[in-house]
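Structure first, then comments.
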Amino acid sequence: MKDLNAFSLEGKVALVTGASYGIGFAIASAMAKAGATIVFNDIKQELVDKGIAAYQEAGIKAHGYVCNVCDEDAVNAMVAQIEKEVGVIDVLVNNAGIIKRIPMIEMSAADFRQVIDVDLNAPFIVAKAVIPSMIKKGGGKIINICSMMSEFGRETVSAYAAAKGGLKMLTRNIASEYGEYNIQCNGIGPGYIATPQTAPLREVQPDGSRHPFDQFIIAKTPAGRWGEAEDLGGPAVFLASEASNFVNGLILYVDGGIHAYIGKQPS
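Positions in the sequence shown are counted from 1; adding 826 to them yields my numbering.
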């Protein structure tokens, strides 16, 4: 690397799935600031419209598409439309995902399959759709949003942990299978991030104390705080840029140090 220009995404088209808000929006916004043209999808027009408005408010021109990433035909059609209207996708961020917090023996097989479909099958489908054009263009970047549950288990998240563990291995396999075509596939494993979805776990209790889960996360995190969605922007830009051209098959955990820490001794 000769200079910081290696981190630039100027001239790159980045597709971030499910990026109307939250982590996906933060990652796409960081990539836009690094010069990328942003394309995103969501499952409903209403969400796409809200996303477009949020990007406009941030001074970002983004291209939004309605697409169910679990539908292979719909994904293929979206990718073809993006290539026609915006350009070949240089960077794919598989961000769209769901979680169902249900004890395993109470979870239906249908609910389990739905989580696997969105969190594992969909990244396979979207990556499969963009790889051929990346090969023709001479390279590309794929970033899968994994999780700490790619490594750890925890109560009530059997489907999510199974899907994210599978996504970790899909990431490594894409790197192994397509590295020779100058395609780098890496993952980001966010720690506990302060988003609207996790807001109930951070609410102050009636007696003024912190939520028990909030206390647990703070105690387990050397940084002593929840992550912010913006904390994922820098790592995502790095993995999308030429600065990471010899980084392949890595899961980068952005977790404030949880993986390195055994936790505080009880007082």
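No residue lacks a Cβ here, since even glycine has one placed at the ideal position from N, Cα and C.
Between which two residues does the alpha helix (DSSP H) carrying residue i extend?
i: Val1063; result: 1059 to 1066
i: Ala955; result: 948 to 963
i: Lys1046; result: 1038 to 1046
i: Tyr1079; result: Premise fails: Tyr1079 lies in the beta strand (DSSP E), 1077 to 1080, not in any alpha helix (DSSP H).
i: Ala840; result: Per DSSP, Ala840 belongs to no alpha helix (DSSP H); it is in the beta strand (DSSP E), 839 to 843.
i: Lys967; result: From DSSP, Lys967 is part of no alpha helix (DSSP H) but of the beta strand (DSSP E) over 966 to 971.
i: Gly855; result: For the record, residue 855 in the displayed sequence is Ser; it is not Gly. Element bounds for Ser855: 848 to 859.
Rank the options by C-alpha distance to the C-alpha of residue i and give the top, closest one.
i: Gly1083; options: Ser934, Arg1051, Gly848; result: Arg1051
i: Glu883; options: Leu841, Phe851, Gln1091, Ile869; result: Phe851
i: Tyr986; options: Gly848, Phe866, Met904, Lys926; result: Lys926
i: Glu981; options: Glu932, Ala900, Ala1020, Pro1016; result: Glu932
i: Ser973; options: Asn921, Gln1091, Lys967; result: Asn921
i: Ala888; options: Tyr847, Ile928, Cys896; result: Tyr847
i: Ala1020; options: Ala953, Gly992, Glu1056; result: Glu1056
i: Val967; options: Glu872, Leu830, Val839; result: The amino acid occupying residue 967 in the given sequence is Lys; Val does not appear at that position. Comparing Cα positions, the closest option is Val839.
i: Ile1009; options: Gly1017, Gly1015, Ser934, Ile1000; result: Ile1000
i: Phe978; options: Asn947, Gly1015, Gly861; result: Gly1015
i: Ile878; options: Ala845, Glu898, Gln1091; result: Ala845
i: Tyr1079; options: Phe1042, Gly1059, Val905, Phe1072; result: Gly1059
i: Pro964; options: Ile849, Phe950, Tyr1007; result: Strictly speaking, residue 964 in this sequence is Gly, with Pro absent from that position. Measuring from the Cα of Gly964, the nearest candidate turns out to be Tyr1007.
For residue i, which residues from the same chain have a beta carbon less than 7 Å from its beta carbon, with the 5 sequence-adjacent residues on both sides left out?
i: Met827; result: The pLDDT assigned to Met827 is 49, lower than 50, so where the model puts this residue is not dependable; a value taken from the coordinates is nonetheless given after this. So the list reads Ala1069, once near-sequence residues are dropped.
i: Lys990; result: Asp945, Cys972, Ser973, Met975, Ser976
i: Gln1031; result: His1037
i: Asn831; result: none
i: Leu1027; result: His1037, Phe1039, Asp1040
Any heavy atom of the ligand ATP closer than 8 Å to the CB of residue i?
i: Phe866; result: This structure simply doesn't include the ligand ATP, nor any ligand for that matter.
Measure how close the beta-carbons of residue i and residue j come, nearest whole angstrom, since I'm counting them as under 8 Å.
i: Ile915; j: Val874; result: The Cβ separation is near 17 Å, so there is no contact.
i: Ile1077; j: Lys954; result: So it is not a contact: roughly 20 Å between Cβ atoms.
i: Ala1086; j: Val917; result: The Cβ separation is near 29 Å, so there is no contact.
i: Glu1012; j: Thr997; result: Sequence inspection shows Asn at residue 1012; the Glu mentioned does not correspond to that position. About 7 Å separates the two Cβ atoms, so the contact holds.
i: Ala856; j: Ala1049; result: With 8 Å as the limit, Ala856 and Ala1049 do not qualify as a contact, their Cβ atoms being about 19 Å apart.
i: Ala854; j: Leu835; result: Rounded, the Cβ-Cβ distance is 11 Å, inconsistent with contact.
i: Ile961; j: Val941; result: Wrong, their Cβ atoms sit about 31 Å apart, outside the cutoff.
i: Met904; j: Asn867; result: 6 Å
Between residue i and the rest of its own chain, which residues show a CB-CB distance below 6 Å, the 5 nearest in sequence each way excluded?
i: Asn894; result: Ile869, Ala900
i: Tyr881; result: Ala888
i: Leu841; result: Val865, Ile915, Leu918
i: Lys1046; result: Ile1084, Gly1089
i: Glu1029; result: His1037
i: Tyr1018; result: Ile1043, Trp1052
i: Ile951; result: Glu898, Val901
i: Met930; result: Ser984
Is there a Cβ of chain D sitting closer than 9 Å to that of residue i, yes or no?
i: Ala1062; result: Given the protein chain composition of this structure (a single chain), no chain D is represented.
Give me, in chain order, the residues of the same chain whose beta-carbon lies closer than 8 Å to that of residue i; leave out the 5 immediate sequence neighbours on both sides.
i: Asp1081; result: Met974, Gly1015, Pro1016, Gly1017, Tyr1018, Thr1047, Gly1053
Q) Mind pulling the beta strand (DSSP E) runs of 3 or more residues that sit fully within the segment 862 to 947? A) Listed in chain order, the beta strand (DSSP E) runs fully inside the segment 862 to 947 are 863 to 868, 888 to 892, 917 to 920, counting runs of at least 3 residues.
Q: Just list the beta strand (DSSP E) runs in the segment 991 to 1033, keeping only unbroken ones of 3 residues or longer that don't cross its boundaries, in chain order.
A: Listed in chain order, they are 1009 to 1016.
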